[in-house]
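Colleague:
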Amino acid sequence: MIQAIDLTKRYEDGLLALDHLNINIQPGQIYCLLGANGAGKTTTINLFFNFIEPTSGKALLNGKDCTREPLEAKQYAAYVSENVMLYGNFTARQNLDFFTKLAGRKNLSKEDYYMVMRQVGLPERAFEQRVKTFSKGMRQKLGIAIAILKQAPALLLDEPTSGLDPKAGAEFVELLLRLRGEGKAILMSTHDIFRAKEIADVVGIMKEGVLIMEKTKEDLKYEDLEKLYLKYMEVS
Amino acid sequence: MIWTIARREFLEYLKSLRFLIGFLVTIALVALSTVINVSDYRERVSDYSTAKKEMAGDTYPLIVYRPPEVLSTLVQGLDRTLGNRASMTPARIPARTSGYMENYASQHHRFVAGFSTVDFAFVVRIILSLIVIFLAYNSVAGEKSAGTLRLILSHPVPRYAVLLGKFAGGLMLVLVSLFAAMIVALLILITHPAVTLTVSDWIRILGMGFVSGLYLATIFALSIFVSVIVNRPSTSLLILLQAWIFVVVLYPAGALIFAEHWRALPGEPELEDRKKAAFQPFEKEYEEVRKAFGDSLHLTGSVPQDIDLRSHDLDIRRGKSDHAVDAQLAGEQNEQMRLAESIAIFSPAALYDQAMVRLARTGAEEFDRFLEGIHRTWNDYTAIMRSFITDPEKRKTTHMPEFTAPRESDEESFIAVVPQVIVMLFLLMIPFMSAHAKFNAKDVR
Chain A
141 MIQAIDLTKR YEDGLLALDH LNINIQPGQI YCLLGANGAG KTTTINLFFN FIEPTSGKAL
201 LNGKDCTREP LEAKQYAAYV SENVMLYGNF TARQNLDFFT KLAGRKNLSK EDYYMVMRQV
261 GLPERAFEQR VKTFSKGMRQ KLGIAIAILK QAPALLLDEP TSGLDPKAGA EFVELLLRLR
321 GEGKAILMST HDIFRAKEIA DVVGIMKEGV LIMEKTKEDL KYEDLEKLYL KYMEVS
Chain B
1011 MIWTIARREF LEYLKSLRFL IGFLVTIALV ALSTVINVSD YRERVSDYST AKKEMAGDTY
1071 PLIVYRPPEV LSTLVQGLDR TLGNRASMTP ARIPARTSGY MENYASQHHR FVAGFSTVDF
1131 AFVVRIILSL IVIFLAYNSV AGEKSAGTLR LILSHPVPRY AVLLGKFAGG LMLVLVSLFA
1191 AMIVALLILI THPAVTLTVS DWIRILGMGF VSGLYLATIF ALSIFVSVIV NRPSTSLLIL
1251 LQAWIFVVVL YPAGALIFAE HWRALPGEPE LEDRKKAAFQ PFEKEYEEVR KAFGDSLHLT
1311 GSVPQDIDLR SHDLDIRRGK SDHAVDAQLA GEQNEQMRLA ESIAIFSPAA LYDQAMVRLA
1371 RTGAEEFDRF LEGIHRTWND YTAIMRSFIT DPEKRKTTHM PEFTAPRESD EESFIAVVPQ
1431 VIVMLFLLMI PFMSAHAKFN AKDVR
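So the protein lines, in turn, are chains A and B. Position in the first sequence counted from 1, then plus 140, gives you this note's numbering. Position in the second sequence counted from 1, then plus 1010, gives you this note's numbering.
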């Protein structure tokens, strides 16, 4: 569902942000990309949404090339960023309505929006509240609600739990597990080793644009992810 | 898709404080300036009627008047400054005019002095165009820096649809403001007893609305372009304000100054010299006839018909000779004006002004028509005056020709503004297409 084939990105200033990345994420699988800042995690997600163009290689969503057929490819994936930014002067429901229409879904009722907001754990009082009054956790939940309403089979999340308090983080993880249960293919970039170990089916460690390690959940049963991570980070 | 983005954009702008303030200032200024301009118009209409009555029957000099233009209440243009009164004799075809009468009320209208340049066109050109900039400066740069652009573009939305939606939504709100301002101005006009709008005036008002909308759209397109090429909203605003000052103020004014220096007009002494030189071959004869005329009048109390006729014919020759010099000057003035207009062709504000005064019939062209009308009347007037010499009885039965100021037809005015409209469309398309090209290639990291 989410596939990178020799995906490479070199920026205009010469920086090699991503070097021949190869990953393949199946439906019902959570893939966590670990790595320090500048490792190439966000660049990977940017390439899947055609925010930037690859220097070589391919990013595919459900077999659609994200560079050649970006609009078709984007139908198959939803995006949640580290800091979900929404329209502050609009209510949660109005934001949902706007982005759902952009996703091509029309004729949803107020109740449909309310149902999804309940599903992601937003309090009822927040449904018709302006988003500028929301905490980061509430905005992240609304971001997930937008992603759910898109009904895309793939989810790409760029450090979605960063900055969330433990309770909000735990709720967020619960949501992701539920979505995995529904068969979504999920790619999540994160710094959080413990969270990755908790939910990932596959963990990849990136360093300076290169995927230097990939382990499945089964592999990690017998290895300490934290130690592995530190070991790979130390290797020059 | 475009409509979804346009609707959101419209509502976002509508809820912003900067729009609310700008809108209230616009409505207040339009209302205030229209009230003052209508009051001034009423005074001028009254002066026009009184002056016409007071001067009726006078033949030497013959004084003609042009009524004030009703649409000058919306676009003052040159209607007030170029004058509406011309005084002619057989030896003088007026090339310049003055106010109705020095002591008439409209010459001393106390409000107008400090408010003379504020009218509907001014509010659109300055205030609404500034509102456009304050709305559009962060339309793309703001969304990029806030991060919402990434969320939008993570959906299957073509980038052109995002840009077009933003343009349509913002422009819709600006056009609503323009429409509201026009409604306020028109309500003041139609409820005022001194104002009567004809079908022609309404057609012209519609044209003025269209040109105003087009002008604001060009400013909006320029603002979107700047907002696309920079990443920070503050940089976008700074660039746009500087561009606004250049395009709306400095560039048109600079074009005028350049044209004035490049095609300098002769001063009064040079004009007098030209007139003297043109009449030089007849000067001696003219002096002799004037002397014979004076001597006869002094000695016999009357003037023989042959001397009177010769004197009259020489007066006409002098009038025509001077008029030829004045016409040459008018030609030079027109060339200077055309040069200034050509230089300022890339300023939407200059194009807007040109189109608005043309549609309101308050531009220099209307003044030229007035002068042409004066020339035609002068021909009739001198022929009648000559007939009085050959047949004095005619004085009792012949009336002076009724002067009707010629006006440009609607068709002529609309055809005349086509070039300005076409250039404005280009000035709208070029930044929008450039913004589209840039936005398509834009990195939204």
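Glycine is no exception: its CB is placed at the ideal position from the N, C-alpha and C atoms.
Any C-beta of chain A sitting closer than 7 Å to the C-beta of Gly1157 (chain B)?
Modeller: Counting from one through the second sequence, the residue named residue 1157 (chain B) turns up at place 147. Output row for Gly1157 (chain B): interface = yes.
Colleague: For the alpha helix (DSSP H) that Met1366 (chain B) lies in, which residues bound it at each end?
Modeller: Translated into positions along the second sequence, residue 1366 (chain B) becomes position 356. It spans 1358-1370 - the alpha helix (DSSP H) in which Met1366 (chain B) sits, taken as one unbroken run.
Colleague: Using the C-alpha atoms, what's the distance from Phe1132 (chain B) back to Arg1120 (chain B)?
Modeller: Mapped onto the second sequence, residue 1120 (chain B) falls at position 110. Mapped onto the second sequence, residue 1132 (chain B) falls at position 122. Low local confidence applies: a pLDDT of 39 at Arg1120 (chain B) is under 50, so the model's placement there is unreliable, with the coordinate-based value given in what follows. Distance between the alpha carbons of Arg1120 (chain B) and Phe1132 (chain B): 20 Å.
Colleague: Give a yes or no on whether the minimum CB-CB distance between Lys1025 (chain B) and chain A is below 7 Å.
Modeller: To locate residue 1025 (chain B), count along the second sequence from 1; it is residue 15. Yes - at least one Cβ of chain A is within 7 Å of the one on Lys1025 (chain B).
Colleague: What are the start and end residues of the alpha helix (DSSP H) that includes Arg150 (chain A)?
Modeller: As a first step, residue 150 (chain A) must be located in the first sequence, where it is residue number 10. From DSSP, Arg150 (chain A) is part of no alpha helix (DSSP H) but of the beta strand (DSSP E) over 142-150.
Colleague: What residues in its chain sit with their C-beta under 6 Å from that of Ala383 (chain A), if we drop five residues either side in the sequence?
Modeller: Outside the displayed range of chain A (141 to 376) lies residue 383 (chain A), so it cannot be described from this structure.
Colleague: Under 7 Å, do Ser1233 (chain B) and Tyr1147 (chain B) count as touching if we go by C-beta distance?
Modeller: Here residue 1233 (chain B) refers to the residue found at position 223 of the second sequence. Here residue 1147 (chain B) refers to the residue found at position 137 of the second sequence. Cβ distance < 7 Å, so Ser1233 (chain B) and Tyr1147 (chain B) count as in contact.
Colleague: Go ahead and pull the three-state DSSP assignment for Asn177 (chain A).
Modeller: Within the first sequence, the letter at position 37 stands for residue 177 (chain A). Coil at Asn177 (chain A), not helix or strand.
Colleague: Could you pull out every residue in the same chain whose Cβ sits closer than 6 Å to the Cβ of Leu416 (chain A), ignoring the five residues on either side in sequence?
Modeller: With chain A covering only 141 through 376, there is no way to say anything about residue 416 (chain A).
Colleague: Note down the Cα distance separating Ile1143 (chain B) from Phe1230 (chain B), rounded to an integer number of angstroms.
Modeller: Working through the second sequence from its first residue, we reach residue 1143 (chain B) at position 133. Working through the second sequence from its first residue, we reach residue 1230 (chain B) at position 220. So the two alpha carbons sit approximately 7 Å from each other.
Colleague: By the three-class DSSP mapping on this structure, what secondary structure does Ala217 (chain A) have?
Modeller: Position 77 of the first sequence, counted from the start, is the residue given in the question as residue 217 (chain A). Correct three-state label for Ala217 (chain A): strand.
Colleague: Let me know if Phe1436 (chain B) comes out buried or exposed under the rule of 16 or more other beta-carbons within 10 Å of its beta-carbon.
Modeller: Taking the first residue of the second sequence as 1, we reach residue 1436 (chain B) at position 426. Phe1436 (chain B) comes out exposed.
Colleague: Along the chain, which unbroken stretches of the alpha helix (DSSP H) at least 4 residues long are found entirely within the region 1374-1402 of chain B?
Modeller: Listed in chain order, they are 1374-1400.
Colleague: Using DSSP bridges, identify the partner residues of Gly344 (chain A).
Modeller: For the purposes of this step, residue 344 (chain A) is taken as the residue at position 204 of the first sequence. DSSP lists A:Leu173, A:Glu354 as partners of Gly344 (chain A).
Colleague: Does DSSP put Val260 (chain A) in a helix, a strand or coil?
Modeller: Position 120 of the first sequence, counting from 1, holds the residue named residue 260 (chain A). Correct three-state label for Val260 (chain A): coil.
Colleague: Can you list, in chain order, the residues of its chain whose CB lies under 7 Å from that of His1446 (chain B), leaving out five sequence neighbours each side?
Modeller: Taking the first residue of the second sequence as position 1, residue 1446 (chain B) is located at position 436. Contacts found: Tyr1170, Leu1173.
Colleague: In the structure shown, what three-state DSSP assignment does Gly197 (chain A) receive?
Modeller: Numbered from its first residue, the first sequence carries residue 197 (chain A) at position 57. It is a strand residue.
Colleague: Secondary structure at His160 (chain A), three-state DSSP: helix, strand or coil?
Modeller: Position 20 of the first sequence, counting from 1, holds the residue named residue 160 (chain A). Three-state DSSP puts His160 (chain A) in a strand.
Colleague: Once you ignore the five residues that flank Thr1372 (chain B) on each side, which residues in its own chain have a CB closer than 8 Å to its CB?
Modeller: Within the second sequence, residue 1372 (chain B) is the residue found at index 362, counting from 1. Correct list, in chain order: Glu1079, Leu1081, Ser1082, Val1085, Gln1086, Gly1087, Leu1088, Asp1089.
Colleague: Report back the beta-carbon spacing between Met1366 (chain B) and Met1218 (chain B) to the nearest angstrom; my notes put them in contact at under 8 Å.
Modeller: Taking the first residue of the second sequence as position 1, residue 1366 (chain B) is located at position 356. Taking the first residue of the second sequence as position 1, residue 1218 (chain B) is located at position 208. With 8 Å as the limit, Met1366 (chain B) and Met1218 (chain B) qualify as a contact, their Cβ atoms being about 6 Å apart.
Colleague: Which full runs of the beta strand (DSSP E) of 3+ residues lie inside the region 279-332 of chain A, going along the chain?
Modeller: Listed in chain order, they are 294-298, 325-330.
Colleague: When you compare each of B:Asp1305, B:Lys1294, B:Val1335 to Arg1102 (chain B) by their alpha carbons, which one comes out closest?
Modeller: Position 92 of the second sequence, counted from the start, is the residue given in the question as residue 1102 (chain B). Closest option to Arg1102 (chain B), Cα to Cα, is B:Val1335.
Colleague: What number of angstroms, rounded off, separates the C-alpha of Leu147 (chain A) from the C-alpha of Ala213 (chain A)?
Modeller: On the first sequence, residue 147 (chain A) is found 7 positions in, with the first residue counted as 1. On the first sequence, residue 213 (chain A) is found 73 positions in, with the first residue counted as 1. If I take the Cα positions, the gap works out to 16 Å.
Colleague: For a test of the three-state rule: what should DSSP assign to Tyr1075 (chain B), helix, strand or coil?
Modeller: Taking the first residue of the second sequence as 1, we reach residue 1075 (chain B) at position 65. The answer is strand: DSSP assigns Tyr1075 (chain B) an E or B state.
Colleague: What are the residues in the region 1161-1174 of chain B lying within 9 Å of chain A by C-beta distance?
Modeller: Those would be Leu1161, Ile1162, Leu1163, Ser1164, His1165, Pro1166, Val1167, Pro1168, in chain order.
Colleague: How about Gln143 (chain A): is its C-beta nearer than 7 Å to some C-beta of chain B?
Modeller: By one-based count along the first sequence, residue 143 (chain A) stands at place 3. No, because no Cβ of chain B sits closer than 7 Å to the Cβ of Gln143 (chain A).
Colleague: Along the chain, where does the beta strand (DSSP E) that runs through Ser1097 (chain B) open and close?
Modeller: Mapped onto the second sequence, residue 1097 (chain B) falls at position 87. It spans 1095-1098 - the beta strand (DSSP E) in which Ser1097 (chain B) sits, taken as one unbroken run.
Colleague: Give the residues of chain A in contact with Thr1014 (chain B), contact being defined as C-beta atoms less than 7 Å apart.
Modeller: For this step, residue 1014 (chain B) is matched to residue 4 along the second sequence. Here the neighbours are Phe238, Lys241, Leu242.
Colleague: Taking a Cβ distance cut-off of 7 Å, strictly less, list which residues of the region 1433-1453 of chain B are near chain A, in chain order.
Modeller: Taking 7 Å as the Cβ-Cβ cut-off against chain A, the residues of the region 1433-1453 of chain B that qualify are Asp1453.
Colleague: With 7 Å set as the bound, which would you pick, yes or no: does the beta-carbon of Arg1242 (chain B) sit closer than that to a beta-carbon of chain A?
Modeller: To locate residue 1242 (chain B), count along the second sequence from 1; it is residue 232. Not an interface residue.
Colleague: What did DSSP end up calling Ile192 (chain A) once you bin it into helix, strand or coil?
Modeller: By one-based count along the first sequence, residue 192 (chain A) stands at place 52. Reduced to three states, the DSSP call for Ile192 (chain A) is coil.
Colleague: To the nearest angstrom, report how far apart Ala340 (chain A) and Ile170 (chain A) are at their CA atoms.
Modeller: Sequence index remark: in the first sequence, residue 340 (chain A) carries index 200 (1-based). Sequence index remark: in the first sequence, residue 170 (chain A) carries index 30 (1-based). Straight-line Cα distance between these residues: approximately 5 Å.
Colleague: Looking at Ala1415 (chain B) and Gly1504 (chain B), is the spacing between their C-beta atoms short of 7 Å?
Modeller: Residue 1504 (chain B) lies beyond the residue range present for chain B, which begins at 1011 and ends at 1455; the question has no answer from this structure.
Colleague: Starting from Asn1450 (chain B), trace the alpha helix (DSSP H) both ways and give me its first and last residue.
Modeller: Your numbering for residue 1450 (chain B) matches position 440 in the second sequence. 1428-1450 is the extent of the alpha helix (DSSP H) around Asn1450 (chain B).
Colleague: Counting only Cβ pairs nearer than 8 Å, list the residues of chain B close to Ser221 (chain A).
Modeller: Residue numbering aside, residue 221 (chain A) sits at position 81 when the first sequence is read from its first letter. In chain order: Gly1157, Arg1160, Leu1161.
Colleague: Sorted by chain position, which residues of the same chain lie with C-beta nearer than 6 Å to His1118 (chain B)'s C-beta, five sequence neighbours on each side aside?
Modeller: Stepping through the second sequence from its first residue, residue 1118 (chain B) is reached at position 108. In this predicted model, His1118 (chain B) has a pLDDT of only 44, less than 50, meaning its place in the structure is not dependable; the value taken from the coordinates is given anyway. Counting only Cβ-Cβ distances below 6 Å, and skipping sequence neighbours, we find nothing.
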